[in-house]
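The sequence shown begins at 63 in the numbering used here and counts up by one.
What follows is a set of notes on a single structure, which appears directly below.
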Amino acid sequence: MNIYICRLDNLKLLNSSPISIIPKEVVHAVGFVGCINKLENKYKKLININLNKSLQLSVNQRELILSKPAFIFLYSTDDANVRNNNKNQLDIIYAKKHRFLQELIAAFSIGLWIIKDNALNFNQSYHCNLKNGYEANIGYDLKNVCSNGRFSSVSFNNKEIQHALDLMYTIHEFMSKSVDSIDIYSYDNNGTTFYSNEEFISQEFTKDNTYSFSRALLYLQSARSTGYLPTKISQYSACLECIFAIKENHTKNLSEITSNLLSSNLSKKDKIFMDMRDVYSIRSDQEHGGQIKYLNNHSQKEMIELSQRLDDYVRKVIKYIIKNPELNYQMGDVEKKSATRLHFKSKIS
């Protein structure tokens, strides 16, 4: 039996009952159990016993795992791994197994963001195998920050969590549709194994067979990962430019498409239009290493408010493309890319 627990920080669950989550790809797997929050008592007792025996976790780490919301997966042991006592080899084997689960959790995080702004973090995991004695405390170099550039806990009820789980599979399909899967790069340093998926991410921006929605989600994740507002705003803008397939006159097209797509009310449309002009000005200054001229006439508080409004604009656009998957173009497909561009430009009135 394997136990894999991914801690969910900055998340408040308004309902205490567990929510079953068994990935569709393993729904028929023997012995696979998955949930958010708490397991049935028989599994909870099993986890408690093994956490208390752990040599990898401090007392504080054990308490955090038991007290915070978490994705919890239990699955059967591969017989071949039972006989393997090479820690480095097992690290790599389990990293590949957990890559899929970690991608699902990342997609779930985006699903929660589609519901409302949040700073859900899932960068601490724990894994143990009850048969071969393997255990690992796993840290991921990623974070999420709210649109105001700060960390805060956000509450979700069971209905919202279930909606995020429903969105998770759609988002994961967009995330995994592009380049072929590649091996995880690993490096061992005196018992600590480092992994990197940077090569996979790089391919998203260099190969013609990658898809716009997948690339846009990477920009979105980049925006959510930083509290430095000029970079956050720049990455939000890049996300929209990618979705809209903007080719030229970026300020004009970004402002006109976003404002017309999101509102038919003239005053609201004008507000969005002016916001997007400010957004692209900040993006341009940030990317070219210049002074953020927006701050010459605006306060830091106003830039925070702009970032929060932009976060909501991007959220609405992401909802729109989820409902219109035909707009997901391959980067090398000139005709499809042009058709997507024309679709969004046709929204301008």
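Yeah, the Cβ is synthetic: ideal placement off N, Cα and C, and Gly gets one too.
- Item | contact_flag[the segment 287-299, the segment 364-381] where n(CB pairs < 8 angstroms) is 3 or more | yes
- Any idea which residues DSSP pairs Phe184 with across the strands? DSSP output for Phe184 lists no bridge partner at all.
- Query: Excluding sequence positions up to five away, which residues of its chain have a Cβ less than 6 angstroms from the Cβ of Ile200?
  - Reply: Ser187
- Segment limits, beta strand (DSSP E) that includes Phe162: Careful: Phe162 lies outside any beta strand (DSSP E), inside the alpha helix (DSSP H) at Lys149 to Ile177.
- Item | Whole runs of the alpha helix (DSSP H) within the segment 316-374, excluding any shorter than 4 residues | Listed in chain order, they are 328-349 and 356-359.
- Query: Near Phe213, what residues of its chain come up, given a Cβ to Cβ distance below 7 angstroms and the 5 sequence neighbours on each side ignored?
  - Reply: Asn72, Ala181 and Val207
- Message: Restricting to Cα atoms, I'd like to know which of Ile176, Ser129 and Lys294 is closest to Ile344.
- Response: Lys294
- Item | Contact test: Gln370 Cβ vs the ligand ZN heavy atom, cutoff 6 angstroms | Absence of the ligand ZN is noted for the structure shown, with no ligands found whatsoever.
- Using DSSP with H/G/I as helix, E/B as strand and the rest coil, what is Val207? coil
- Message: Tell me which residues share the same chain as Lys463 and place their Cβ nearer than 7 angstroms to its Cβ, disregarding the 5 neighbours each side in the sequence.
- Response: Residue 463 lies beyond the stretch modelled for the chain, which goes from 63 to 411, so this question has no answer here.
- Task: Following the continuous beta strand (DSSP E) through Phe135, name the residue where it begins and the one where it ends.
- Result: Phe135 -> beta strand (DSSP E) spans Ala132 to Tyr137.
- Message: Can you give me the C-alpha to C-alpha distance between Lys314 and Arg403, rounded to a whole angstrom?
- Response: 14 angstroms
- Do you know how far the Cα of Lys407 is from the Cα of Val89? Since pLDDT at Val89 reaches only 48, below the 50 mark, its modelled position is unreliable, and no value is offered.
- Would you mind sorting Val341 into buried or exposed? The rule is 16 or more other CB atoms within 10 Å of its CB. buried
- Item | Sheet register partners of Asp71 (DSSP bridge) | Asn183
- Query: Taking Cβ positions, are Thr320 and Tyr231 nearer each other than 7 angstroms?
  - Reply: no
- Item | Whole-angstrom distance between Lys309 and Ser400, CA atom to CA atom | 9 angstroms
- Message: Measuring only the C-alpha atoms, how far is Glu197 from Leu108?
- Response: Separation of Glu197 and Leu108 (C-alpha to C-alpha, rounded to the nearest whole angstrom) is 15 angstroms.
- Query: Taking the beta strand (DSSP E) that Asn199 falls in, what are its first and last residues?
  - Reply: Membership of Asn199 in the beta strand (DSSP E) is indicated by the continuous run Glu197 to Gly201.
- Item | 7 angstroms Cβ cutoff met for Gly289 and Gly351 | no
- Task: Please report how far the alpha carbon of Phe306 lies from the alpha carbon of Met393, in whole angstroms.
- Result: 12 angstroms
- Query: Applying the criterion that 16 or more other CB atoms from any shown protein chain within 10 Å of the CB defines a buried residue, is Ala91 buried or exposed?
  - Reply: With a pLDDT of 49 at Ala91, under the threshold of 50, the modelled position of that residue is not reliable, and the figure given next carries that caveat. Exposed: under 16 other Cβ atoms inside 10 Å.
- Message: Determine whether the beta carbon atoms of Tyr202 and Phe135 lie at a separation below 7 angstroms.
- Response: no
- Message: Taking a contact to mean a Cβ-Cβ separation below 7 angstroms, would you say Ser174 touches Ala226 in this structure?
- Response: It should be noted that the sequence gives Leu, not Ser, for residue 174. Cβ distance < 7 angstroms, so Leu174 and Ala226 count as in contact.
- Query: When you compare each of Met338, Lys398, Asp373 and Ser82 to Ala31 by their alpha carbons, which one comes out closest?
  - Reply: This structure leaves residue 31 out entirely; the chain is present only between 63 and 411.
- Message: Below 8 angstroms on the Cβ atoms is my contact criterion, and I expect Cys304 with Tyr281 to pass it. Report the Cβ-Cβ distance as a whole number of Å.
- Response: 6 angstroms
- Message: Please tell me whether Phe133 and Cys68 are closer than 7 angstroms, where the distance is taken between their beta carbons.
- Response: yes
- Rounded C-beta distance between Leu166 and His234? I'm assuming under 8 angstroms. Rounded, the Cβ-Cβ distance is 6 angstroms, consistent with contact.
- Item | Residue nearest to His189 in terms of C-alpha spacing, selected from Gln353, Asn112 and Ala278 | Asn112
- Taking the alpha-carbon positions, what's the Pro292 to Gln348 distance? 6 angstroms
- Item | Spatially closest choice to Glu364 from Met63, Ser209 and Asn219, by CA coordinates | Nearest option by C-alpha distance: Ser209.
- Query: Considering only C-alpha positions, which residue in the set Asn220, Asn147 and Lys149 is nearest to Asn99?
  - Reply: Asn220
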